[in-house]
Structures are given as C-alpha cells and as structure tokens.
Amino acid sequence: MKKQKRIKIPKLQRTKPLFLIGGEFLTIDSIISKRLDGKKLAEELVKLPHEHKKKLVLERYRLTPKDDKLVEHVIGKGSFTIDDSIKEIENDTEHGKELIDIDIQFVTRLLRKMAEGEIE
Amino acid sequence: MILEVESAYEYATIIGALFRINKYVHPYFKKRPYVINLLFGSATIPDHFRNELKCKEISFVSGFDHGSYTVFFGHNYSHLWDSDVGIQESEVKGRVIHLLACQTGKELGVELVRKGAKAYFGYDENFRFWSHEDYADDVLNDPYADPFFKADSEIDRCLADGMATDQVHKEVVALFNDLIDEWTGVNDTIASRLNWDLIHFCSPTKDEKWGQKDAIIDDAIRVFMLLFQ
Chain A
1 MKKQKRIKIP KLQRTKPLFL IGGEFLTIDS IISKRLDGKK LAEELVKLPH EHKKKLVLER
61 YRLTPKDDKL VEHVIGKGSF TIDDSIKEIE NDTEHGKELI DIDIQFVTRL LRKMAEGEIE
Chain B
1001 MILEVESAYE YATIIGALFR INKYVHPYFK KRPYVINLLF GSATIPDHFR NELKCKEISF
1061 VSGFDHGSYT VFFGHNYSHL WDSDVGIQES EVKGRVIHLL ACQTGKELGV ELVRKGAKAY
1121 FGYDENFRFW SHEDYADDVL NDPYADPFFK ADSEIDRCLA DGMATDQVHK EVVALFNDLI
1181 DEWTGVNDTI ASRLNWDLIH FCSPTKDEKW GQKDAIIDDA IRVFMLLFQ
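Protein chains in written order, with the numbering used here: chain A, 1 to 120; chain B, 1001 to 1229.
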C-alpha cells in the first residue's frame, strides 16, 4: 500500500486564515479543533463574494513575513514585492484580482488536502 | 534536431535563460544524441528564427521569452510567432513545440497545432515565478526561483528522453505537485504560484486542441545514433 504523504505546516503559516465565516477568520488549527470539513469549506470558499475573498486574502498577505528582496516576476507584466501585491489587491486592479484568484485556488487545495488527512 | 530559443534582455528573462541554459534544459539536451541549434539573447529575432525553422530536420522547438495570447516574443519584444498575422505551416508541421511564455496556450498554441504541429506545451495565463535579490549574482542557486524552472523544464527532459506527450504530461504534473507540497511546508507564497502555473499548464492530455497525446519527437539523427550505439 502506498504510504500517504503528510505535509507539516510551519508555525508562522498556521496563523494565516483559510476561511472567513461571519467576520471570523478560521486558521488550520481552528478548523481542526471545530472539526469542520475541509472539503465543504473548499466548496464554499470559491462561492464567497469578491469582497469576502479580498478580505481573507489581504489578511493572509498581512501575515506573510515582509522580505523586500523577494520579488515575484510575471513575464511581460513586471516584478512585485509582497507590499506591491497588497497595494494591487487593495486597489482592485486586474493584477490584484488575479492575485486573489491565485490565493483562493491555493487555499482550496490546502483545505482539500486537510480533508484527505494530508496536512498535519 | 532541436531548436532552442533563449531570450535574455531584462531581469526576468535573464533569470529564466540562465536556469535553462546552465542547469535544466541545454545541458540535458547536450548529453543526448541531438543536434541542438541554439538562438540566444540578441539572436532571438524574427529573421534568425525564420531561417532556423527552414531546417527540415528540426523536430522539437523549445523556446523561452515573453508571450501574449497570440504572440511568442523574441529579443526586445520582436514577434517570432504571431497568430494574428498568421503561422506558416512549413514552420510548425510535424514538430513538437514547448513555449515557456505567458498566455500563449490560449490562442497561439491552438493555432500552432491547427497549422500542423504535433503537440504544444505551455501556459494559457501568466507564468509566474519568484526570485530573491540576495541571489542576484548567483541566480542558479536561488532556492525561490529554482522550483519554477525545474518544473517547467521537465517537459524538455521527458521529450528528450523519447516519452510520448501523454507520459510527459503525467511526469510534469507529478513534479509540479511534489514541489507544491514541498513548498507548502516551507513558504506558501512560493507554493501558491507553483499551483497557479500548474493550473494553467497546457498539454495535449488536457485538451486535444493542443495536439496529439501519443506524439514523440521524430528525430532521425537521434534514432540513427541510438541504433548504432
């Protein structure tokens, strides 16, 4: 039988929320302690209104350690630091909207992996 | 015979070209029985590109530069392939094409296949990657940039090993997933971009508009050399 891979999430990343419910941010640990179904949360996440997704993603960016030397390159569009990305999201630019999609897709993957027992 | 196109005219393309030429693509091709025609830097202009494509023995085109839905760019944003202007059948027929360039999967990749390419690999939205300024003088050891070029160049390595396009797809997706899981446990900012690039990865396995699932590089020189090894 194939051994299941388990991903250990570092302490700092555990503070980043994965869901927003009634104004409350839910982290990995709060989802585990409340015994919420990651798969259902993943399905709900993609249906959240834009403003809720934006709030969630901005909170995740604010909890990302600042490192101005770490730069994202989008071939043909330019280069961006974490702070640049926060401004793009806050200002609802096309790039900012794409950044929200990127993070929501990633969190969806993480929630599904939680449901499959691949996250510790 | 392989045509390798490596643009390098501003920081993002220089990083990519360094990884491809010195680490993940060119050295791998060189260890195998292929003749490689390399267009690098200021040589990646339409005249040189057209000339190289006239060579009938070219079975695989692997290119890196900026892109848009309809254009694969060369040096200083010159247009190497532009589906709005038109693609010549003779430039693509029977060839496997991999473009590490933003967005080309959306229209250009489909047009390349419509004009006779056996398969197209690429991305239908922006290809994103990270780098760290501390490694500006030592790009090849930048741990933040490395996984992006390692994952994409799996396409080149698998094709060079003679795999059919469907198997290439499986290997590339598996490597992307391994790297995403690895980085999820280290830095989710890196992992989220790898996940984005994977979602927008295009191949014949994802949709037949990008070509045949059973295509391989038909390389007469490679076959000849393998037979007599």
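Just so you know, even glycine gets a beta-carbon here, dropped at the ideal spot from N, CA and C. Since the model is a prediction, treat every value here as computed from it, not as a measurement.
Suppose you measure from the CA of B/Pro1143 to the CA of B/Lys1150; what does that come to, to the nearest Å? 11 Å
Starting from the C-beta of A/His52, find all residues in its chain whose C-beta is less than 7 Å away, skip the five residues before and the five after it, and write them out in chain order. Leu20
Please report whether the beta-carbon of A/Leu45 lies at a distance below 8 Å from any beta-carbon of chain B. no
Reduced DSSP category for B/Val1110 - H, G, I as helix; E, B as strand; rest coil: helix
I think B/Val1061 touches B/Arg1095, with their Cβ atoms under 8 Å apart; what is that distance to the nearest whole Å? 6 Å
Does the CB of B/Thr1165 have a neighbour CB from chain A at under 8 Å? no
Residues that A/Ser79 contacts on chain B, provided the C-beta gap is smaller than 8 Å: Tyr1011 and Ala1012
With DSSP collapsed to three states, give me the class of A/Leu110. helix
Taking contact to mean 3 or more Cβ pairs, one atom from each stretch, closer than 8 Å, check whether the region 1019–1037 of chain B and the region 37–49 of chain A are in contact. no
Reference B/Asp1197, options B/Asn1177, B/Glu1057 and B/Leu1112, closest by Cα: Relative to the Cα of B/Asp1197, the nearest Cα in the group B/Asn1177, B/Glu1057 and B/Leu1112 belongs to B/Asn1177.
Sort B/His1098, B/Asp1146, B/Asp1137 and B/Trp1130 by Cα distance to B/Phe1121 and report the nearest one. The shortest Cα separation from B/Phe1121 among B/His1098, B/Asp1146, B/Asp1137 and B/Trp1130 belongs to B/His1098.
Look at the alpha carbon of B/Val1071 and the alpha carbon of B/Thr1104, and state the distance between them as a whole number of angstroms. 7 Å
In terms of residues, what are the limits of the alpha helix (DSSP H) holding B/Ala1191? Asp1188 to Ile1199
Backbone secondary structure at B/Ala1101 - three-state DSSP: coil
At a CB-CB cut-off below 8 Å, which residues of chain A make contact with B/Gly1185? Ile7, Lys8, Ile9 and Pro10
Flag B/Thr1189 as yes if its beta-carbon sits less than 8 Å from any beta-carbon of chain A, otherwise no. yes
Check the Cβ of A/Val57 against every Cβ in chain B and list those closer than 7 Å, keeping chain order. Going along chain B, no residue has its Cβ under 7 Å from A/Val57, so there is no contact; the nearest lies around 10 Å.
9 Å Cβ cut-off: residues of chain A touching B/Ile1155: Here the premise fails: no neighbours, minimum Cβ distance about 16 Å.
Length of the line joining the Cα atoms of B/Asp1065 and A/Leu36: 44 Å
Along the chain, where does the beta strand (DSSP E) containing B/Tyr1120 start, and where does it finish? Ala1119 to Tyr1123
Give me, in chain order, the residues of the same chain whose beta-carbon lies closer than 8 Å to that of B/Lys1030; leave out the 5 immediate sequence neighbours on both sides. Ile1036
Using 8 Å as the threshold, is the C-beta distance between B/Phe1049 and B/Glu1006 below it? no
Among residues of its own chain, excluding the 5 on either side of A/Lys55, which ones have a beta-carbon nearer than 7 Å to its beta-carbon? Leu20
Give the residues of chain B in contact with A/Glu72, contact being defined as C-beta atoms less than 9 Å apart. What A/Glu72 touches in chain B, judged by beta-carbon distance under 9 Å, is Arg1128, Phe1129, Trp1130, Ser1131, Thr1189 and Arg1193, going in chain order.
Residues of the region 14–38 of chain A in Cβ contact with chain B at a cutoff of 9 Å, in chain order, please. Lys16
If we cut at 8 Å on Cβ distances, does A/Lys66 have a partner in chain B? no
Do the CB positions of B/Glu1091 and B/Met1001 come within less than 8 Å of each other? no
Verify the CB distance criterion: does A/Lys53 have a CB-CB separation below 8 Å to chain B? no
Bridge-paired residues (DSSP) for B/Arg1128: A/Val74
Name, please, each residue of chain A whose Cβ falls closer than 7 Å to the Cβ of B/Tyr1024. Correct list: empty, because the minimum Cβ distance to chain A is about 17 Å.
Less than 8 Å between the C-beta atoms of B/Ser1131 and A/Val71, yes or no? yes
Which same chain residues, not among the five before or five after B/Ala1008, have their C-beta less than 6 Å away from its C-beta? Ile1014, Ala1017 and Gly1041
B/Glu1111: buried (16+ other C-beta within 10 angstroms of its C-beta) or exposed? B/Glu1111 should be labelled buried.
Backbone CA spacing between B/Arg1157 and B/Val1172 [nearest angstrom]: One C-alpha to the other measures close to 10 Å.
Rounded separation between A/Gln105 and B/Arg1128 - CA only: Distance between the alpha carbons of A/Gln105 and B/Arg1128: 15 Å.
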